[in-house]
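A.B. asks: Encoded as structure tokens, here's the structure I'll be asking about.
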Amino acid sequence: MFVHTCKLEWNAVREIAKDWQSEIEQKWPRYYHEIQGISDGAGLPFVDILALNIRTEIAFGMFNDGCTSLYWKTQSNSFLAQNWDWMEEQKQNLIILEITRNDGPRIKMITEAGIIGKIGLNELGVGVCLNAIKVPGSDSSRLPVHLALRSVLDSPSVDDAVRRLEDAGIAASAHILIADKDKAIGVESTSETIRLGDVNAHNRIFHANHLLLPHDGPVEAGWLVDSPFRQQRIEKLALELDRQPDSTDITCILDDHDGFPHSICRYEEGPFGMDATLFTIVMELRDRTARVSLGRPCQPEETIVLEFK
Numbered sequence: 001m002f003v004h005t006c007k008l009e010w011n012a013v014r015e016i017a018k019d020w021q022s023e024i025e026q027k028w029p030r031y032y033h034e035i036q037g038i039s040d041g042a043g044l045p046f047v048d049i050l051a052l053n054i055r056t057e058i059a060f061g062m063f064n065d066g067c068t069s070l071y072w073k074t075q076s077n078s079f080l081a082q083n084w085d086w087m088e089e090q091k092q093n094l095i096i097l098e099i100t101r102n103d104g105p106r107i108k109m110i111t112e113a114g115i116i117g118k119i120g121l122n123e124l125g126v127g128v129c130l131n132a133i134k135v136p137g138s139d140s141s142r143l144p145v146h147l148a149l150r151s152v153l154d155s156p157s158v159d160d161a162v163r164r165l166e167d168a169g170i171a172a173s174a175h176i177l178i179a180d181k182d183k184a185i186g187v188e189s190t191s192e193t194i195r196l197g198d199v200n201a202h203n204r205i206f207h208a209n210h211l212l213l214p215h216d217g218p219v220e221a222g223w224l225v226d227s228p229f230r231q232q233r234i235e236k237l238a239l240e241l242d243r244q245p246d247s248t249d250i251t252c253i254l255d256d257h258d259g260f261p262h263s264i265c266r267y268e269e270g271p272f273g274m275d276a277t278l279f280t281i282v283m284e285l286r287d288r289t290a291r292v293s294l295g296r297p298c299q300p301e302e303t304i305v306l307e308f309k
């Protein structure tokens, strides 16, 4: 994975991860000990599991997991949804992770084995999605992207989640879309800046894999040429829908093939080679439920319902 993406052998990755170890232990001991627990249970060195959780920072945003995400508040529901696109080989590493503890909300997410923060929701109806963005730079004094996702899922509300991220800073570039039943905020970050994006006039937020807000510091590197097309396309599809959407409508938007190979639903075939939609998640935050479709939304291989009872 690291060799293909950023030309780093595993021993080099481990050495980079070691440089982050003490900072995470001091500032975020809960996450440090959770990573240690996974390491112990898997019988693997701590730095191996840590490297997975800080892969965005190690590769300076070079992991090309492209995604298209949306938030849409209607009269009866608040939808948070996305496609997650990456190399087909990564599909076998996807897991559904459920977290139950006495001092925080229960969490249900879809993640990759070993990674403690990803895409999902908590029992209070706070959900999070992720769009990778490629801007050079990382800052080990700030919260790594995947731990930032976990921090959101540990939060009781959107406002609290955003406050936590602003206080800690985010160590690398990303767009983290945070929502609950009442509101949503898009958090765009680089290793130096955080910018907040609000809903549009229709109570919607859409995001692909490029910065939409002005940022100081490093300039975004050219990356996924299909990102602007997907951004424009998802906005157009939403405007063309002449009714309040239900979860099926949201899934259909994410199943759009227009403009292939630049389409929202992505295939491994074509000039972009390695990337395909590996799962689609549609969260209904008022009901505190989510439906995860593994594989492309046009050809789901398995559907998993996440809910809190």
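In case it helps, full-length UniProt numbering puts the sequence shown at residues 1 to 309. Think of the CB as a built atom: it goes at the ideal place given N, C-alpha and C, for glycine as much as any other residue. Note that the structure is a prediction, hence the values are computed from the model and not measured.
1) Does the beta-carbon of Ala-113 have 16 or more other beta-carbons within 10 angstroms, so that it is buried, or is it exposed?
2) What do you reckon, are the CB atoms on Val-162 and His-215 nearer than 9 Å?
3) Just to confirm before moving on: does the CB-CB distance between Leu-285 and Gly-125 stay below 9 Å?
4) Counting only runs that start and end within the segment 22-73, where is the alpha helix (DSSP H) found for 4 or more residues in a row?
5) Would DSSP call Thr-280 helix, strand or coil?
6) What's the call for Gly-259, buried or exposed, on a 16-neighbour Cβ count within 10 Å?
7) Looking at C-alpha atoms only, which residue of Arg-14, Pro-29, Glu-192 is the closest neighbour of Leu-44?
8) How do the segment 128-148 and the segment 163-181 stand: do at least 3 beta-carbon pairs fall below 8 Å, yes or no?
9) Between Leu-52 and the ligand MG, is the CB less than 8 Å from at least one heavy atom?
10) As a quick exercise: from Gln-90, Leu-97, Ile-49, Thr-303, pick the residue whose alpha carbon is nearest that of Ile-16.
11) Who does Val-225 pair with in a DSSP beta bridge?
12) Tell me, to the nearest whole angstrom, how far the beta carbon of Pro-297 is from that of Asp-255; I am working on the premise that it is less than 8 Å.
13) One question on the structure: do Ile-110 and Trp-84 come within less than 9 Å of each other, judged by their Cβ atoms?
14) In or out: His-257 buried (at least 16 other Cβ within 10 Å) or exposed?
15) Whole angstroms are fine: how far does the CA of Gly-137 sit from the CA of Val-3?
16) Classify Asn-122: buried if its beta carbon has 16 or more other beta carbons within 10 angstroms, exposed otherwise.
17) Excluding the five sequence neighbours on either side, which residues of its own chain have a C-beta within less than 7 Å of the C-beta of Ser-155, listed in chain order?
18) Quick check on the burial criterion: 16 or more other C-beta atoms within 10 angstroms. Buried or exposed for Ile-95?
19) What is the rounded straight-line gap between the Cα of Arg-101 and the Cα of Ile-35?
20) Compute the Euclidean distance between the alpha carbons of Asp-159 and Leu-177, then round it to the nearest angstrom.
21) Work out the CA separation of Ala-51 and Ile-58 for me, nearest whole Å.
C.D. replies: Reading from the atomic positions:
1) As a working note, residue 113 is residue 113 in the sequence shown. By the neighbour-count criterion, in which a residue is buried when 16 or more other Cβ atoms sit within 10 angstroms of its Cβ, Ala-113 is exposed.
2) Here residue 162 is taken as the residue at index 162 of the sequence shown, counted from 1. Here residue 215 is taken as the residue at index 215 of the sequence shown, counted from 1. Taking 9 Å as the Cβ cut-off, Val-162 and His-215 do not qualify as a contacting pair.
3) Here residue 285 is taken as the residue at index 285 of the sequence shown, counted from 1. Here residue 125 is taken as the residue at index 125 of the sequence shown, counted from 1. Their beta carbons are under 9 Å apart, which means Leu-285 touches Gly-125 by this criterion.
4) As far as the segment 22-73 is concerned, its whole alpha helix (DSSP H) runs of at least 4 residues are 29-42, 46-53, 55-58.
5) In the sequence shown, counting from the first residue as 1, residue 280 sits at position 280. Reduced to three states, the DSSP call for Thr-280 is strand.
6) The residue labelled residue 259 in the question sits at position 259 within the sequence shown. Its Cβ having fewer than 16 others within 10 Å, Gly-259 is exposed.
7) The residue you call residue 44 lines up with position 44 of the sequence shown. Out of Arg-14, Pro-29, Glu-192, Arg-14 has the C-alpha closest to the C-alpha of Leu-44.
8) Result yes; three or more Cβ-Cβ pairs closer than 8 Å.
9) Absence of the ligand MG is noted for the structure shown, with no ligands found whatsoever.
10) The residue you call residue 16 lines up with position 16 of the sequence shown. Check the Cα spacing between Ile-16 and each of Gln-90, Leu-97, Ile-49, Thr-303: the tightest is with Ile-49.
11) By 1-based counting over the sequence shown, the position of residue 225 is 225. Its beta-bridge partners do not exist; DSSP assigns none.
12) Mapped onto the sequence shown, residue 297 falls at position 297. Mapped onto the sequence shown, residue 255 falls at position 255. The beta-carbon separation of Pro-297 and Asp-255, rounded to 4 Å, stays under the 8 Å limit for a contact.
13) In the sequence shown, counting from the first residue as 1, residue 110 sits at position 110. In the sequence shown, counting from the first residue as 1, residue 84 sits at position 84. Contact flag set, yes.
14) The residue you call residue 257 lines up with position 257 of the sequence shown. So His-257 counts as exposed.
15) As a first step, residue 3 is located in the sequence shown; it is residue number 3 there, counting from the start. As a first step, residue 137 is located in the sequence shown; it is residue number 137 there, counting from the start. Residue placement at Val-3 cannot be trusted, given a pLDDT of 44 that sits under 50; what the coordinates show is reported in the next sentence. Going by C-alpha positions, Val-3 is about 19 Å away from Gly-137.
16) What you label residue 122 is simply residue 122 of the sequence shown in a count that begins at 1. Per the 10 Å Cβ criterion, buried.
17) One-based indexing of the sequence shown puts residue 155 at position 155. So the list reads Val-126, Ala-161, Arg-164, once near-sequence residues are dropped.
18) Translated into positions along the sequence shown, residue 95 becomes position 95. Ile-95 is exposed by the Cβ-count criterion.
19) Position 101 of the sequence shown, counting from 1, holds the residue named residue 101. Position 35 of the sequence shown, counting from 1, holds the residue named residue 35. Going by C-alpha positions, Arg-101 is about 16 Å away from Ile-35.
20) Your numbering for residue 159 matches position 159 in the sequence shown. Your numbering for residue 177 matches position 177 in the sequence shown. Cα atoms of Asp-159 and Leu-177: separation of roughly 12 Å, rounded to the nearest angstrom.
21) Here residue 58 refers to the residue found at position 58 when the sequence shown is read from its first residue. Here residue 51 refers to the residue found at position 51 when the sequence shown is read from its first residue. Taking the straight line from one Cα to the other gives about 8 Å.
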